[in-house]
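Participant:
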Amino acid sequence: MKAKLLLFVLACPLGLFAQTLNYNIKGKLIDTVNARYAYLMTLSYRVALTSDKLFQMTPVTDGKFEFKGSFELDGRPYQQASIFFSPRSNITKEEIQSKFRNFIWPSAYDKVLKDIKLENMTLEFPSLSQARYARVTDGGSITALEDAFTLSAREDHVNLLKLIRDNPDSQASFDAIESAANSFSYKDDIKTFWGTPQTLFSLLSERLRNSQAGKMLKSKIDKDSKL
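In the working numbering, the protein residues as written are 176 to 402.
1) Using beta-carbon positions only, say whether Ile291 and Ile258 come within less than 8 Å of one another.
2) Kindly list the residues whose CB is nearer than 6 Å to the CB of Tyr308, restricted to its own chain and excluding five residues on each side of it in sequence; keep chain order.
3) Going by other Cβ atoms of all chains shown within 10 Å of its Cβ, with 16 needed for buried, is Glu241 buried or exposed?
4) For Leu298, which of Thr195, Lys398, Ile200 and Ser400 has the nearest alpha-carbon?
5) Taking Cβ positions, are Ala213 and Thr233 nearer each other than 8 Å?
6) Expressed to the nearest angstrom, what Euclidean distance is found between the alpha-carbon atoms of Phe278 and Tyr220?
7) Using alpha carbons as the reference points, say which of Val287, Gly238, Met296 and Lys228 lies closest to Glu269.
8) What are the residues that DSSP puts in a beta bridge with Asp322?
9) Assign Phe324 to one of two classes, buried (16 or more other C-beta atoms within 10 Å of its C-beta) or exposed (fewer than that).
10) Could you pull out every residue in the same chain whose Cβ sits closer than 7 Å to the Cβ of Lys390, ignoring the five residues on either side in sequence?
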């Protein structure tokens with residue numbers, strides 16, 4: 176009995192914290208010129224987001240491709256990833272990492288990478304060189320919402336309040352508020368369409384507000400508001 180109890184206790188941490196994400200990503204290319212192979216990776220030029228755990232390649236056939244797999248989240252709410260295309264089938268992780276280190280590509284302004292979250296979805300890509308502008312046509316709720324927030328940012332955050340109000344329990348909404356809290360000063364006289372980060376934070380679901388990350392963000396917002 177004691178032996179069984181010991182095994183249970185030892186197994187608990189793994190059972191409590193291990194979280195395996197299964198993903199199925201389908202894609203369609205409108206213009207297939209030079210896009211013979213599709214790559215899915217968790218490497219990133221942003222150090223805080225990069226991971227070398229996932230690097231997949233699959234052929235593009237009749238303008239279509241598919242990625243399937245699983246990924247250990249290790250306590251994270253999601254996993255950032257990206258998709259790009261190439262006429263080559265022999266691109267390696269080391270080659271991509273070298274391009275990052277030497278600032279060859281991608282930069283924040285490159286159009287060859289489509290940033291996504293690992294989840295079940297279908298994407299439609301204009302072309303190899305315009306991968307950044309791919310749109311989610313099915314599934315991919317986090318990725319689609321993140322795309323909407325990105326578009327809102329380009330338009331002076333006009334729809335920010337509505338997007339968060341309509342999606343209070345999405346991690347993408349939480350990330351958008353965190354970004355706003357880091358970008359806008361309480362001392363700015365510029366009027367926004369949504370008020371302050373405190374206004375936005377109150378719109379989040381109880382689950383996100385009471386999470387560890389939520390409490391940390393609330394503490395930061397409250398502290399900044401007193402400056």
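All C-beta atoms in this analysis are idealised placements derived from N, C-alpha and C, irrespective of residue type, glycine included.
Facilitator: By the coordinates alone:
1) Ile258 sits close to Ile291, with the two beta carbons spaced by under 8 Å.
2) The beta carbon of Tyr308 sits closer than 6 Å to those of Pro301, all from its chain and outside the five residues before and after it, given in chain order.
3) Burial call: exposed.
4) With distances taken between Cα atoms, Leu298 lies closest to Ile200.
5) Yes, they are a contact pair.
6) Approximately 9 Å between the Cα atoms of the pair.
7) Minimum Cα distance to Glu269 is reached at Lys228.
8) Its beta-bridge partners do not exist; DSSP assigns none.
9) So Phe324 ends up on the buried side.
10) Closer than 7 Å at Cβ, skipping near neighbours: no residue.
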